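Numbering (my numbering), first residue to last: 684 to 1123.
The C-beta atom is built at its ideal place from N, Cα and C for all residues, glycine as well.
Everything numeric in this text was worked out from a predicted model, so none of it was measured.
Some notes on the structure that comes next.
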Ligand code: ASP
């Protein structure tokens, strides 16, 4: 039988009703044998995620203050779920052990990991699946980096022995067996690791949206969904802030050639977005997605005969390196160069950076311009479509948006444009209208 790995995010497991929906989804297909669970997320706006409750409770304990009330509130989140699901189980001894570990300063990572740990015990009971603690199987190295080889060595044989299991997301252990978590949202990574270990046909990532949208719904009204996207396209969009999935979750499944399907727990009938390494299928529209970010600055540099000066670019970049800064893009002309950097990283360093470039490169003119927004128009089908750039710039011209920078990689997978921050939303809407609404 083919195996599917399913991961449920915090909003999909926030309360008893959500756990029931998740269990129905798992039961609907016997191939859904391995389930990775997050801690209970927010039930309503203003609610607190259990992970945040755990961090805050642990910090109180670590300060030596009383944490009884904060701990009781966490216990109640789980007891409420157990009561409502009418499960014949108790987590009392688990709570006692965890509380004792808090009092003995077991560490923030240990504390945060208990949300997924306890929620997975409940979900395993509800489904009648085995519970597997990832602590002994998902391994980090001495430097705290995730170790895929060491993990596979332990996890593959363990899961081979198992018919069905629920595995907590978000954590594993260090070589000295202390608990270590991934960064926030890291249950996505656990799902990907488990899919790699069982060589799943698909990694289903269940969340509260039906996949990726072509544009940000806060900017474009009811944008359409992306049905299929490649890992490379996703990387381009994620860089510009289009997030649903933890970025590090891609590597273990990509390595094994396993597609990811983003699905909506509240609308299981939706097909969601399929993320694949390659596809012969062209996208429905010329573009796959649009994403963008505000908050960039441009360092404009001018110097006569720049193009023939050997090492000019290297010296500019060394000036940035000296100030511990990276750059995002570097479009250049014959005698001009623009270095696009994150404005936050430049704050307080403007003079030092300009002085350093001056010292190393002796430009004729230099200035910093702020309030730049970058927009990436991404699509594997752009390569074959003639006139894409023409249509893009005509849409922007009609919307009276001034384009300040253009950067198209030779892969023709994306075109990045820079516009004034105040034109950001107008530009995205104009691009969406041109490439999606007129192509419907
Ligand atoms: N519970 C963790 C967090 O809130 C991890 C996760 O849900 O993926 O970040």
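Secondary structure at residue i, three-state DSSP: helix, strand or coil?
i	result
residue 701	helix
residue 815	coil
residue 749	coil
residue 1106	helix
residue 1090	strand
residue 840	helix
residue 1057	strand
residue 863	strand
residue 727	coil
residue 1002	helix
residue 927	coil
residue 1098	strand
residue 951	coil
residue 848	strand
residue 937	helix
residue 760	helix
residue 978	strand
residue 738	helix
residue 1045	coil
residue 768	helix
residue 1068	coil
residue 870	helix
residue 801	helix
residue 1122	coil
residue 809	helix
residue 779	helix
residue 1077	helix
residue 773	coil
residue 996	helix
residue 793	helix
residue 1034	helix
residue 884	coil
residue 1082	coil
Give me whichever residues DSSP pairs with residue i in a beta bridge.
i	result
residue 958	912 and 943
residue 983	1021 and 1050
residue 906	Paired residues: none, contrary to the question.
residue 691	720 and 889
residue 856	822 and 862
residue 1012	1023
residue 973	1060
residue 644	Since the first residue of the chain shown is 684 and the last is 1123, residue 644 is not available in this structure.
residue 829	823
residue 715	687
For residue i and residue j, which I take to be in contact (beta-carbon distance under 8 angstroms), what is that distance rounded to the nearest angstrom?
i	j	result
residue 1097	residue 919	5 angstroms
residue 932	residue 871	4 angstroms
residue 984	residue 1020	5 angstroms
residue 857	residue 1059	Actually they do not touch by this definition, with Cβ atoms about 37 angstroms apart.
residue 724	residue 763	With a Cβ gap of about 14 angstroms, residue 724 and residue 763 do not count as contacting.
residue 875	residue 955	Not a contact, Cβ separation roughly 16 angstroms.
residue 1063	residue 916	6 angstroms
residue 850	residue 717	7 angstroms
residue 855	residue 821	3 angstroms
residue 1113	residue 1082	4 angstroms
residue 797	residue 781	5 angstroms
residue 726	residue 687	The Cβ separation is near 27 angstroms, so there is no contact.
residue 975	residue 1118	So it is not a contact: roughly 14 angstroms between Cβ atoms.
residue 880	residue 936	At roughly 11 angstroms, the Cβ-Cβ gap does not stay under 8 angstroms, so residue 880 and residue 936 are not in contact.
residue 802	residue 696	6 angstroms
residue 997	residue 1047	Rounded, the Cβ-Cβ distance is 19 angstroms, inconsistent with contact.
Task: Any 3 or more C-beta pairs closer than 8 angstroms across the region 698-705 and the region 761-775 - done: yes
Task: Cβ contact (3+ pairs, closer than 8 angstroms) linking the region 1047-1063 and the region 1021-1038 - done: yes
Open item on the list: When you compare the region 884-898 with the region 936-955, are there three or more beta-carbon pairs, one atom per stretch, that lie closer than 8 angstroms?
Closed with: yes
Open item on the list: If contact is defined by three or more beta carbon pairs under 8 angstroms, each pair taking one atom from either stretch, is the region 831-840 in contact with the region 782-792?
Closed with: no
Open item on the list: For the region 1061-1077 against the region 968-981, do three or more pairs of beta-carbon atoms, one drawn from each stretch, fall closer than 8 angstroms, so that the two count as touching?
Closed with: yes
Open item on the list: Check whether the region 791-811 and the region 734-751 touch, using three or more Cβ-Cβ pairs below 8 angstroms as the test.
Closed with: yes
Task: At least three beta-carbon pairs within less than 8 angstroms, the region 984-1004 to the region 1084-1096 - done: no
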